[in-house]
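Chemist:
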Amino acid sequence: MRSLTAAFLRLDKVTTLAVGIAASVALAVAVAAGFWQVTTRFLLESPATWSEALVRLALIWMVLLGLAVTLRQGALVSIDIAHRYSTGPAKRAIEAVALFSTLFLLAVLFWFGWEMTNRVRFQEMAGLEISISWGYAAIPVGAVFAAIGAIANFLDYRSEELEAAV
Amino acid sequence: QGKQVTITHSSATNSHWGVAALEFEKVVEALSKNKYNVVVQRLDNEREAVESVQLGSQECALGSTGPVGNFVPDIRVLDVPFLFRDYAHARGVLDSEVGDKLLEKFKARGMIGMVWMENGFRHLTTGKKEVQSPSDVRGMKIRTMENQVHMEAWKAAGVLPTPMAFSELPSALQQGTVDGQENPIPVILAGNFDQLQKYLYLTSHVYSPGVLVCGLDFWNGLSAEDKKIFQDAAKASVKANRSRVEEDERSGVQELRRRGMEVREVTNREAYQEAMKTAVANFEKQFGADVLKTLREWRPK
Amino acid sequence: MSGAMLATMMVMFAISIPIAVAIGLAAFVGLAGFTNLPLTVTAQQVFVALDRFPLAAIPFFILAGNLMDIGGLSRRLVELARAFVGGIQGGLAATCVVTCMIFAAISGSSVATTFAVGAVLIPALKRYGYPIGFAAALQATAAELGVIIPPSIPMILYGVATQTSIPELFIAGFAPGLLIAVALIATVLVWCRIKGWGKRDAEGRLGRRVAIRQAFWALLMPVIVLGGIYGGVTTPTEASVVAVVYALIVGLFLHRELTFADLLPVFRKSVVSSTVIMFIIATASLFSYLLNRQGIPDAAAAWLTSTFEGPGMYMLAVNFFLFLVGMFIETSASIIVLAPILQEAAQRVGIDPVHFGTVMVVNLALGMITPPFGVNLFAAAQVAGCSIDKMLKPLMIFIAVIITCLMIVAYVPALSLFLRDIVMR
Ligand code: NA
Ligand code: NA
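Protein chains in written order, with the working numbering: chain A, 1 to 166; chain B, 167 to 467; chain C, 468 to 892.
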């Protein structure tokens, strides 16, 4: 059991690190595309037609990939009175319920996100002229990594909602 | 209570889309003797509306064809500028078998194209700088829809087409982030663009069609008798839509003038057509020269 | 069904389930249990909620705030505000409000203001001995100014939804914004006297001249961002990108406090903060989609407009209604759905549309700090590393202050309209 836990945490370390970098890159892409939009319109006087759509696409990926990192750090906000004032097994039970709720929601998002990704594949994304499935795919993909992050946080608990002071 | 049928549109209740949806509701409920309970709802995001019809989370939607080209690419041919001379021409083509053939294409995407509606002819507006001839628009930043055909045509005329979300347009016009925009009269009027733009030019450069779509699964579940009811309601809905567009166009121009907008008649539409000519070659390649010719030269039989 | 959704959500809130998860699951229960809508709607609404360009202002302003923090811009701005208003007991708390005012003139979003200002001021307040819950609650409240003082994303949405002049709405927001700022400053100064907080606030302040010189590049930021918007270079959303790039340049090359090695951690941190907010927006979108499908906001608004006649009663009823709405529904969504209905009736009873818009924005801005669903609360909790329940007690007083201001704004139309009448009419 312990070695299984350790193995899972090792897996999480790799995936969550990679996904965190990918989400950061998505944010950087959004910034670059947004700045390109301002520059091309104002300085070069030839407005880009794809930049706005790229910003939206990049940010969808940023949020869904960022979810893994957020869950791993326990950073999603909650009204955590019950958790803070409970101890021992009760505290652990609350954490378990929160984990199962989160996993259930992620399963829903994975399942129906996957179905949507398939169903909308013939729809084009205006501005980028690619299938909108490239946007919808962020939901099932993000849900998988988010589930790893959520489980890892249960096994190795952190609540940076409280500790992430700036 | 009858079976619920939800239809959405993207505008105020008292608009060319709102009245069309209400007419649809009225006729379906009357003809079916309340077997169906039509619920009209406003949904600003037209892309979401069409997608929802496809998914079956709502039965029908009506609105501009703006986002529909991303679902059914064949209808983009209708976006070519200076394709239609006037309303009679545009409506004639859409109501003929040419239009029916295009509506047939919706089926492959899980939808039924019920009838063609309209947003009306689009006209150009600008802020500070007045445009006296097409050469004056060269170098101006004009907000367009995120529509490849529109953007290509404006680019040919030397404009810097600037696609932008409609919700961002008012502040962009206010601050001069873009120099102008183009939309049908009902939209200009409802958006109070007279406060943001000084000049309106009746360019009628492109006709903006609309469409009423319903979900294929919903449709296949109807009896032949009920299908007829929905078809009749759709026809009544188009009538309400078109007569409101006409009314808005007539009284709207006057109203915009009254509110202080400088309205410029454009007697020489050919000059604009000429300015966009280089794009036309591309459109002929893309859509077929013969197809465009048929549409342009269409006459009622 | 709405009852079941609400109950599910409350139970999940109570057992410390993350807010975004609770809202999403409650909505899923409503969707699966009480409708025959296809369940794919879950994924569709998440996508639709995030696929909006104006939303980009949230991660961009958060990133800009973090870059300003590490690049030393925020610290200098705070020092500047302290140099001018920080000399008395409670001066640091007052500085927080003043800095939020300066930021409000840059950003159109309250969440962004919370991140940008809170990143510096919350730790500073903590250092000077203020309780963390007070600091976070104050920050969340003062950041409301972000949408009341122009530019303002909700005002733009209101203008578009109701065909009201956006420039007029912007101008009408100035005086109410000032009123709220003054009221908040007065409150915190009295509060600090009573509690004995902030006695050392005057210590270690810079001289005014030094503070101005140090803050030169940081002070240029509002000029560039606002100049970009009002000079027609950028839209309010794009202004947030300019803020990021400007903060990068100043931090990396002018202050040289930001290094390239800092970039990945800063981006990662901004991703997490943005995700916390945007994932709530995503799951809340399914929730409000279901409420809308049932026609609940429409029906409530219709009932309001048919029941209350006369501007006085109507104003009171609308404010009460919006207060309730603001507790649960995100500001932009409420405006898009409710503004057209409520404004039409307001005009019928003789309320000026611009005045009504101001009241509506001030009220829904209040919704950003009312639990359970308040984006500013989430943002402030995130920055402060403080749980929301610690913020609740001080929050009650701030909410009371804002309600008082709201009533003044609602019943003294001239406050909103006199500037407009001078400038625009
Ligand atoms: Na602002
Ligand atoms: Na709230």
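Cβ atoms here follow ideal geometry from the backbone N, Cα and C, with glycine treated the same way.
(1) Report the neighbours of Gly127(A) on chain B: residues whose CB is nearer than 7 Å to its CB, in chain order.
(2) Could you have a look at Leu162(A) and say whether DSSP puts it in helix, strand or coil?
(3) How would you write the range of the beta strand (DSSP E) that Tyr202(B) sits in, first residue to last?
(4) Does the CB of Ser752(C) have a neighbour CB from chain B at under 7 Å?
(5) With 9 Å as the limit, tell me which residues of the stretch 210 to 233 of chain B have their beta carbon closer than that to any beta carbon of chain A; keep them in chain order.
(6) Please list the residues of the stretch 54 to 83 of chain A that have a C-beta atom closer than 7 Å to any C-beta atom in chain C, keeping them in chain order.
(7) Looking only at DSSP bridge pairs, what is Ala227(B) linked to?
(8) Against Ala186(B), what residues of chain C qualify as contacts under a CB-to-CB distance less than 7 Å, listed in chain order?
(9) Going along chain A in order, which residues have a C-beta closer than 8 Å to the C-beta of Met442(B)?
(10) Determine contact between the stretch 29 to 45 of chain A and the stretch 532 to 543 of chain C, defined as no fewer than three beta-carbon pairs at a distance below 8 Å.
(11) Cα-Cα, which of Ala471(C), Val584(C), Ile486(C), Thr475(C) is closest to Pro839(C)?
(12) What residue range is occupied by the uninterrupted alpha helix (DSSP H) comprising Ile480(B)?
(13) Looking only at its chain, what residues have a beta carbon closer than 6 Å to the beta carbon of Pro466(B), apart from the 5 residues adjacent to it on each side?
(14) In the DSSP assignment, find the beta strand (DSSP E) that holds Gly286(B) and state where it starts and stops.
(15) Could you list the residues in the stretch 484 to 508 of chain C with a C-beta less than 7 Å from some C-beta on chain B, going in chain order?
(16) Let me check one thing: in DSSP terms, what residues is Leu67(A) bridge-paired to?
(17) For Arg430(B), which beta-bridge partners are listed by DSSP?
(18) Looking at the strands, I want to know which residues DSSP matches up with Gln347(B).
(19) What does the alpha-carbon distance come out to for the pair Ile855(C) and Asn533(C)?
(20) How about Trp620(C) and Ser576(C): do their beta carbons lie closer than 7 Å?
(21) Give me the Cα-Cα distance between Arg675(C) and Ala685(C), rounded to the nearest whole angstrom.
(22) Which residues mark the beginning and the end of the alpha helix (DSSP H) in which Thr102(A) is found?
(23) For Lys307(B), go through chain A and note every residue whose CB falls closer than 7 Å to its CB, in chain order.
(24) Which residues bound the beta strand (DSSP E) around Thr631(C)?
(25) Is it right to say Val101(A) is buried, meaning 16 or more other beta carbons lie within 10 angstroms of its own, or is it exposed?
(26) By the DSSP assignment, the beta strand (DSSP E) with Pro327(B) in it spans what residues?
(27) Can a CB atom of chain A be found closer than 7 Å to the CB of Phe734(C)?
(28) In chain B, which residues lie less than 9 Å from Phe35(A) when you measure between Cβ atoms?
(29) Assuming contact is defined by CB atoms lying nearer than 7 Å, are Ala682(C) and Val868(C) in contact in what I supplied?
(30) Buried or exposed for Glu546(C), going by 16 or more other Cβ atoms inside 10 Å?
(31) Pull up the distance between the alpha-carbon of Arg208(B) and that of Gly235(B), whole angstroms please.
(32) Taking its Cβ as the centre, do 16 or more other Cβ atoms sit within 10 Å of Asn349(B), making it buried, or is it exposed?
(33) Would you mind stating whether Thr566(C) and Ala591(C) have Cβ atoms separated by less than 7 Å?
(34) Do Pro807(C) and Leu629(C) have their beta-carbon atoms positioned less than 7 Å apart in this structure?
(35) Counting contacts by CB-CB distance shorter than 7 Å, is Val14(A) in contact with chain C?
(36) Whether or not the stretch 69 to 85 of chain A and the stretch 146 to 154 of chain A are in contact is what I'm after, with contact meaning three or more pairs of Cβ atoms, one per stretch, closer than 8 Å; do they touch?
Modeler: If we stick to the structure as given:
(1) Glu312, Pro329
(2) Bear in mind that the predicted position of Leu162(A) carries a pLDDT of just 40, short of 50, making it too unreliable to give a figure here.
(3) 202 to 208
(4) no
(5) Arg213, Val216, Glu217, Gln220, Leu221, Gly232, Pro233
(6) Val55, Arg56, Leu59, Ile60, Met62, Val63, Gly66, Leu67, Val69, Thr70, Gln73, Ala75, Leu76, Val77, Ser78, Ile79, Asp80, Ile81, Ala82, His83
(7) Thr174(B), Val379(B)
(8) Correct list: empty, because the minimum Cβ distance to chain C is about 18 Å.
(9) What Met442(B) touches in chain A: nothing, since even the nearest Cβ is about 17 Å away.
(10) no
(11) Ile486(C)
(12) Chain B is shown from 167 up to 467; residue 480(B) falls before or after that span and cannot be answered.
(13) Gly258
(14) 277 to 292
(15) Leu504, Pro505, Thr507, Val508
(16) Paired residue(s): none; Leu67(A) is not in a bridge.
(17) Tyr367(B)
(18) Thr291(B), Arg309(B)
(19) 22 Å
(20) With the sequence shown as reference, residue 620(C) is identified as Ile, and Trp is not the correct amino acid for it. Yes.
(21) 15 Å
(22) 88 to 119
(23) Arg41, Pro47
(24) First-last for Thr631(C): undefined, no H or E at that position.
(25) For clarity, residue 101(A) is Ser in the given sequence; the question names Val instead. By the 10 Å Cβ count, Ser101(A) comes out buried.
(26) 326 to 329
(27) yes
(28) Ordered by position in chain B, no residue passes the 9 Å Cβ test against Phe35(A), which lies about 15 Å from the chain.
(29) no
(30) buried
(31) 21 Å
(32) buried
(33) no
(34) The sequence shown places Thr at residue 629(C), rather than the Leu named in the question. Yes, these two residues count as a Cβ contact at 7 Å.
(35) no
(36) yes
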